[in-house]
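Visitor:
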């Protein structure tokens, strides 16, 4: 069906009953739920030709005709709906109840395929200026709405409507060119931006009349104040201004029917100060403040006759420090307590209490000397010469290790004895201590390989290696980074284990173990 030709609104074929506060299904039709409504083609359920002319007082809502079965567009209610209404409205104002030209409460007859307000004619509206519509004519919307709050608001289900054209005197036709009103171009209604300040959060929604949806933009060549942005969908200008000063830009509101522009000008105010600006150089109202004596707790600021008899606020720098309120001596001289300030150079300034601009009325720079109890520093040059013995030596205390009698396939362990390394050189480089040994031989020319001897290095009894000295494994007895052993040396030992091969010839065997100290 062509919705452009819808003519009436009727209820679905479900039994309903009118209750206090709204509609509900009867027990026989509880499964159907909230009654649903349709738009019908024509007063009798048939399509109306585009040129059909209806008279003002003709009955436009009659029993649906044969084509009612073809209707498939539902208009269900919602949980908040408590009533129904029938209306004539200016096109574009269908959802604004206060703008309706005329309206009438609806009623349903239980147990039938109910028609909205049976036998209604356009002169049968209960409320509004329907007589003016008849007399003057024009383009309007004829529609149906779910209502709530005793008919004061449109429910969430909304409205259904069709366009009608009324001729002066009351003859009218359905508007064949619309399924609703023509879109209305936007008109921006916001007149100015709210006041804005640097550092203060800002949010304002721009508004416009016209058909939704409306999109928002800034006209080329213009810009919002720094720190603010415009949401193109909602028209919300938000952010935190970052720069003080004047601004000028043009906003454009656009919808399907056209656009509207509005220029905005204004000023972003500077951030509210929280302390005076530190005066210096040629800043106004400079006076002569004498440097206080060592240990003095106050200074005198001669603010002059213009400030005689006043109470002022004292500030000091490097960092802005509020020293509290001070009162003059009757001649415009103000005594300021500086006991909280450390020794060194400071700028002192006087302002009027409560002055939001923090205008400096008198200022100067002075130097406070350190006094008893102040934190102070001084410098003493220190020097020293580092010496060393420049010793570099290795001593293996044992000259012979005798394993005694060792049966074939048996082992005997003996201690290597104390090995002393001294590294107290002028230039420390670190070192490695290693061991190497020859095969075991007897007088008959028999030989036992060097692998018959196993070496397990360890620190000498009672000696703990200093940081940087490490006991090794196997043939590497120890090593060191660039640290001194002093003249007492680093002390090492090793467990020597000799294992007689099971097929060795009997006899007395000898070997030589050599310990080597190598500088890195």
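Numbering (our numbering), first residue to last: 187 to 706. Quick reminder that beta carbons are idealized off the backbone N, C-alpha and C, glycines included.
At least one CB of chain C closer than 8 angstroms to the CB of residue 637: is that the case?
Guide: The chain labelled as chain C is not found in the depicted structure, where only one protein chain is given.
Visitor: Which ranges does the beta strand (DSSP E) cover as unbroken runs of at least 3 residues, wholly within the region 482 to 535, from first to last along the chain?
Guide: Those beta strand (DSSP E) runs which fall completely within the region 482 to 535 and span 3+ residues are 484 to 488, 497 to 503, 507 to 513, 519 to 523.
Visitor: Quick one: residues in its chain with C-beta nearer than 8 angstroms to the C-beta of residue 665, no 5 flanking neighbours on either side, listed in chain order?
Guide: Counting only Cβ-Cβ distances below 8 angstroms, and skipping sequence neighbours, we find 616, 617, 618, 619, 655, 656, 658.
Visitor: Going by alpha carbons, who is nearest to residue 346 out of 598, 278, 446, 477?
Guide: Checked all of 598, 278, 446, 477; the closest Cα to residue 346 is 278.
Visitor: Are there 16 or more other CB atoms within 10 angstroms of the CB of residue 689, so buried, or fewer, so exposed?
Guide: So residue 689 ends up on the exposed side.
Visitor: Do the region 438 to 451 and the region 373 to 383 make contact, defined as three or more Cβ pairs closer than 8 angstroms?
Guide: Verdict: yes, contact present.
Visitor: What number of angstroms, rounded off, separates the C-alpha of residue 226 from the C-alpha of residue 329?
Guide: For residue 226, the pLDDT reaches just 44, beneath the cut-off of 50, and the residue's location in the model is therefore unreliable, although a value from the coordinates is still provided. The straight-line gap from Cα to Cα measures roughly 12 angstroms.
Visitor: What residues in its chain sit with their C-beta under 6 angstroms from that of residue 313, if we drop five residues either side in the sequence?
Guide: So the qualifying residues of the chain are 289.
Visitor: Measure the alpha-carbon distance for residue 577 versus residue 597 and round it to whole angstroms.
Guide: Distance between the alpha carbons of residue 577 and residue 597 is about 39 angstroms.
Visitor: How would you write the range of the beta strand (DSSP E) that residue 358 sits in, first residue to last?
Guide: Its beta strand (DSSP E) spans residues 358 to 360.
Visitor: Can you find the residues in the same chain that come closer than 8 angstroms, C-beta to C-beta, to residue 632, ignoring five residues on each side of it along the sequence?
Guide: The residues are 690, 691, 693, 695.
Visitor: Tell me, please, whether the region 498 to 516 touches the region 434 to 443 by the rule of three or more beta-carbon pairs shorter than 8 angstroms.
Guide: Short answer: they don't touch.
Visitor: Can you tell me whether residue 256 is buried or exposed, with buried defined as 16 or more other CB within 10 angstroms of its CB?
Guide: Annotation note: pLDDT 41 at residue 256 (below 50); position unreliable, coordinate value reported separately. With fewer than 16 Cβ atoms within 10 Å of its Cβ, residue 256 is classed as exposed.
Visitor: Within the region 551 to 595, note down every full beta strand (DSSP E) run reaching 3 residues or more, in order along the chain.
Guide: Whole beta strand (DSSP E) segments, 3+ residues: 578 to 582.
Visitor: Among 493, 503, 613, 468, which has the Cα closest to the Cα of residue 539?
Guide: Out of 493, 503, 613, 468, 493 has the C-alpha closest to the C-alpha of residue 539.
Visitor: Please state the DSSP three-state secondary structure of residue 601.
Guide: In this structure, residue 601 counts as strand in the three-state DSSP scheme.
Visitor: If I measure Cβ to Cβ from residue 519 and keep anything under 8 angstroms in the same chain, skipping five residues before and after, which residues do I get?
Guide: The answer, listed in chain order, is 486, 487, 488, 489.
Visitor: By Cβ distance below 6 angstroms, which residues in the same chain neighbour residue 367 in space, the five residues on each side in sequence not counted?
Guide: Reliability fails at residue 367, whose pLDDT of 44 lies under 50, so the model's placement of it is uncertain and no value is given.
Visitor: Suppose the cutoff is 6 angstroms on Cβ atoms and the five residues either side in sequence are ignored; what does the same chain contact list for residue 702 look like?
Guide: These residues qualify, in order along the chain: 620.
Visitor: Here's a check: name, in chain order, each residue in its chain whose Cβ is nearer than 7 angstroms to the Cβ of residue 602, leaving out the five neighbours to either side.
Guide: Contacts found: 584, 587, 679, 680, 682.
Visitor: Mind checking residue 480: buried by the 16 CB within 10 Å criterion, or exposed?
Guide: The residue in question, residue 480, is exposed, as its Cβ has fewer than 16 Cβ neighbours within 10 Å.
Visitor: In its own chain, which residues sit with a C-beta less than 7 angstroms from the C-beta of residue 698, not counting the 5 before and 5 after it?
Guide: The residues are 623, 624.
Visitor: In its own chain, which residues sit with a C-beta less than 8 angstroms from the C-beta of residue 526, not counting the 5 before and 5 after it?
Guide: Answer for residue 526: 507, 509, listed in chain order.
Visitor: Could you compute how far the alpha carbon of residue 608 sits from the alpha carbon of residue 573?
Guide: Distance between the alpha carbons of residue 608 and residue 573: 16 angstroms.
Visitor: Looking at the secondary structure, which residues open and close the beta strand (DSSP E) in which residue 390 lies?
Guide: Here the beta strand (DSSP E) through residue 390 covers 388 to 391.
Visitor: What residues in its chain sit with their C-beta under 6 angstroms from that of residue 168, if we drop five residues either side in the sequence?
Guide: What the structure shows of the chain is the stretch from 187 to 706, and residue 168 is not part of that stretch, so it cannot be assessed.
Visitor: In the structure shown, what three-state DSSP assignment does residue 252 receive?
Guide: Reliability of the predicted coordinates at residue 252 is poor, the pLDDT of 45 falling under 50, and the value obtained from them is presented with this limitation in mind. Reduced to three states, the DSSP call for residue 252 is helix.
Visitor: Taking one C-beta from the region 401 to 419 and one from the region 427 to 434 each time, how about it: are there three or more such pairs within less than 8 angstroms?
Guide: Touching, yes, given that three or more Cβ pairs across the two stretches are closer than 8 angstroms.
Visitor: Tell me, to the nearest whole angstrom, how far the beta carbon of residue 554 is from that of residue 524; I am working on the premise that it is less than 8 angstroms.
Guide: About 6 angstroms separates the two Cβ atoms, so the contact holds.
Visitor: What beta strand (DSSP E) runs, 3 residues minimum, are completely inside the region 628 to 675?
Guide: Correct list: 639 to 645, 655 to 657, 662 to 666.
Visitor: Report, in whole angstroms, the separation of the C-beta atoms of residue 348 and residue 360, which I expect to be a contact under 8 angstroms.
Guide: With a Cβ gap of about 6 angstroms, residue 348 and residue 360 count as contacting.
Visitor: Leaving aside the five residues before and after residue 461 along the sequence, list all residues of the same chain whose C-beta is less than 7 angstroms from its C-beta, in chain order.
Guide: Same-chain partners within the cutoff: 501, 506, 544.
Visitor: Answer with buried or exposed for residue 531, where buried requires no fewer than 16 other C-beta atoms within 10 angstroms of its C-beta.
Guide: It is exposed - the Cβ of residue 531 has fewer than 16 other Cβ atoms within 10 Å.
Visitor: In the structure shown, what three-state DSSP assignment does residue 687 receive?
Guide: Coil, per DSSP.
Visitor: Is residue 673 near residue 614, with beta carbons less than 8 angstroms apart?
Guide: For residue 673 and residue 614, no; Cβs fall outside 8 angstroms.
Visitor: What separation, rounded to the nearest whole angstrom, lies between the Cα atoms of residue 343 and residue 280?
Guide: Those two C-alpha atoms are separated by around 13 angstroms.
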